[in-house]
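**Student:** Questions regarding the structure given below will be posed in turn.
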Amino acid sequence: MLVTVVADVFGEANNGTTIAAIHLIDALKKAGHDVRVVCPDSDKKGKDNFYIVGTYWVGPFQSIVDKNGVSLAKPDRKTLDEALSGSDEVHIMMPFAVGRKALKIAKEKGIPVSAGFHVQAENVTAHFFNLMNCRLANKLVYQDFWNNFYKDVDAIHYPTQFIRDTFEKAIHHTTPGYVISNGVSNEFHHLDIERDPELKGKFVILMSGRYSKEKKQTLLIKAVARSQYKKDIQIIFAGSGPREKEMRKCAMKHGVEPIYRFFKRDELIRYLNMSDLYVHTSEIEIEAISCLEAISCGLVPLINNSPRSATKSFALSKNCLFKLNDVNDLSHKIDYWFEHPEEKEELAKKYQSYCKQFDFDTCMKKMVDLVEETAKKKKI
């Protein structure tokens, strides 16, 4: 079977959607399918089965786009025609310009289409006029996603039931959806390793993810500053992104010295296994594979109890949640886990069993099944 994967964002594996696309492509190939990829990543130009589209210049908003380290892919009818020609199924990662054009062409050709749901409304509104907390703006984004994209696809992949419920409530429709986790790679597991010298004698708190407005990393900085064990704590922010300058400024103001570093996968696994606690401050989250990766490595999570985040469902104890964006409560919970290492160790064992439901191979098999089932709806 020939599958065309359309990704408005595809390049360095520094965001969840790109990683999800890479994993799906690999899984389809391992299942014996041929895969074409449409993306704006110029580094892939000339490589077999890659079809490269251009990117938009958005005038006064270009600085916002550049700051966030992404490119807005520009649809190209000729390129999309070539990429979709002869395809048995098309899987579209995002509901933006290239994805919408690909959907239109696929429908013209009678090719069935599945699509991922990897973008929350707040991921859009947070970067334009600071409308992340405007309910009307977020609802309008979801309605646009539905009216101009998702209502015409044959199957929708939701990484969590949370985001399916959120979307269907906003659009007042049920959808042809499948809830499938993006899965946690089997490489993420507990290891007995010696700590690096810089971490010895420290209570290490790690947070993994893009440095962005929605992730709220400064909450952790402020909470550690208020901890009675401040001098014993070392924060590690594993990632990169446009908010690093703001994070460093906040840390300097509060007398905290985090480590800021983008880790390759093997390095991230090592540092997770050298940590004592995983803190997830993000207010906006569809799934947070980064949190599941930490849990799989034996860490107990401490999660922002946000109604706009699926991650809160990972809490197996009341002490794994802190009140929404509440620095004092986060600080108290950090101190609690510092003072209760035995309880933390016992809970970590429970999380090892809990993580089995997110087994990577099982999740990827379900994704391949989704694509194969959708392909059966071919009309020509």
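Sequential numbering of the sequence shown, starting at 281, is according to our numbering.
Built from N, CA and C at the ideal position, the CB exists for glycine as well.
(1) From the DSSP output, read off the bridge partner residues of residue 518.
(2) Give every residue of the same chain whose Cβ lies closer than 6 Å to the Cβ of residue 385, excluding the five residues on either side of it in the sequence, and list them in chain order.
(3) Could you check what DSSP says for residue 303 in three-state terms: helix, strand or coil?
(4) I'd like to know whether the C-beta atoms of residue 489 and residue 519 end up nearer to each other than 8 Å.
(5) So which of 574, 308, 379 and 474 has the shortest CA-CA distance to residue 432?
(6) Once you ignore the five residues that flank residue 330 on each side, which residues in its own chain have a CB closer than 6 Å to its CB?
(7) Taking the straight line between their C-alpha atoms, what separation do you get for residue 525 and residue 630?
(8) Using a 10 Å radius around the Cβ and a threshold of 16 neighbouring Cβ atoms, would you call residue 398 buried or exposed?
(9) So, helix, strand or coil for residue 420, using DSSP?
(10) Do you know how far the Cα of residue 478 is from the Cα of residue 425?
(11) Which class does residue 319 belong to by DSSP, given the choice of helix, strand or coil?
(12) Could you tell me whether the Cβ atoms of residue 555 and residue 516 are closer together than 8 Å?
(13) Alpha helix (DSSP H) containing residue 614: first to last residue?
(14) In this structure, how does DSSP classify residue 385 when only helix, strand and coil are distinguished?
(15) Output the distance between the C-alpha atoms of residue 427 and residue 487, rounded to the nearest integer angstrom.
**Tutor:** So, from the listed chains and residues:
(1) In the sequence shown, counting from the first residue as 1, residue 518 sits at position 238. Its beta-bridge partners are 488 and 541.
(2) As a first step, residue 385 must be located in the sequence shown, where it is residue number 105. Answer for residue 385: 360 and 364, listed in chain order.
(3) Stepping through the sequence shown from its first residue, residue 303 is reached at position 23. Helix at residue 303.
(4) The residue you call residue 489 lines up with position 209 of the sequence shown. The residue you call residue 519 lines up with position 239 of the sequence shown. Closer than 8 Å, so yes.
(5) Here residue 432 refers to the residue found at position 152 when the sequence shown is read from its first residue. For the residues 574, 308, 379 and 474, the minimum Cα distance to residue 432 belongs to 379.
(6) Against the sequence shown, residue 330 aligns to sequence position 50. Answer for residue 330: 317 and 324, listed in chain order.
(7) Here residue 525 refers to the residue found at position 245 when the sequence shown is read from its first residue. Here residue 630 refers to the residue found at position 350 when the sequence shown is read from its first residue. Near 37 Å, if we compare the C-alpha coordinates of residue 630 and residue 525.
(8) Counting from one through the sequence shown, the residue named residue 398 turns up at place 118. Under this definition residue 398 is a buried residue.
(9) Counting from 1 along the sequence shown, the entry for residue 420 is found at position 140. Residue state, collapsed to three classes: helix.
(10) One-based indexing of the sequence shown puts residue 425 at position 145. One-based indexing of the sequence shown puts residue 478 at position 198. Looking at the two C-alpha atoms, the distance is approximately 47 Å.
(11) Residue mapping note: residue 319 aligns to position 39 of the sequence shown, counting from 1. Three-state result, residue 319: strand.
(12) As a position in the sequence shown, residue 555 is number 275, starting the count at 1. As a position in the sequence shown, residue 516 is number 236, starting the count at 1. Going by C-beta atoms, residue 555 is nearer than 8 Å to residue 516.
(13) The residue given as residue 614 occupies position 334 in the sequence shown. Start and end: 607 to 619.
(14) By 1-based counting over the sequence shown, the position of residue 385 is 105. Three-state DSSP puts residue 385 in a helix.
(15) Counting from one through the sequence shown, the residue named residue 427 turns up at place 147. Counting from one through the sequence shown, the residue named residue 487 turns up at place 207. C-alpha separation (whole angstroms): 36 Å.
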